[in-house]
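With the first letter of the sequence shown counted as 1, position 36 gets the number 35 in numbering that gives the first Met the number 0; the numbers rise by one all the way through. For every residue, glycine included, the Cβ atom is placed at its ideal position computed from N, Cα and C. Here the structure comes first, spelled out in structure tokens, and everything after it is commentary.
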Amino acid sequence: MSGPRPVRAPRGSALTALGWQQEAALRMLQNNLDPEVAEHPDKLVVYGGTGKAA
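Okay, structure coming up:
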């Protein structure tokens, strides 16, 4: 068994979900886990507009 595999958020206009509303929610979650996008993907630190943990 290997360690956790990195999550990569899709880019572009191709859908991986049923519609754009579902795709938006999925990409927001995936962007929080994507090492190229997230600040600390291994700790799942998510900040809102006020700088406080969500």
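- Message: I need the DSSP call for Lys38, collapsed to helix, strand or coil.
- Response: Correcting the residue identity first, residue 38 is Glu in this sequence and not Lys. Coil.
- Query: Cβ atoms of Ala8 and Asn30: under 9 Å apart, would you say?
  - Reply: yes
- Looking only at C-alpha atoms, which of Gly2, Arg26 and Ser1 sits nearest to Gly11? Arg26
- Nonlocal neighbours in the same chain, by C-beta distance under 6 Å from Glu22, ignoring five residues either side: Leu14 and Ala16
- Query: For the alpha helix (DSSP H) that contains Arg26, what are its first and last residues?
  - Reply: Trp19 to Leu32
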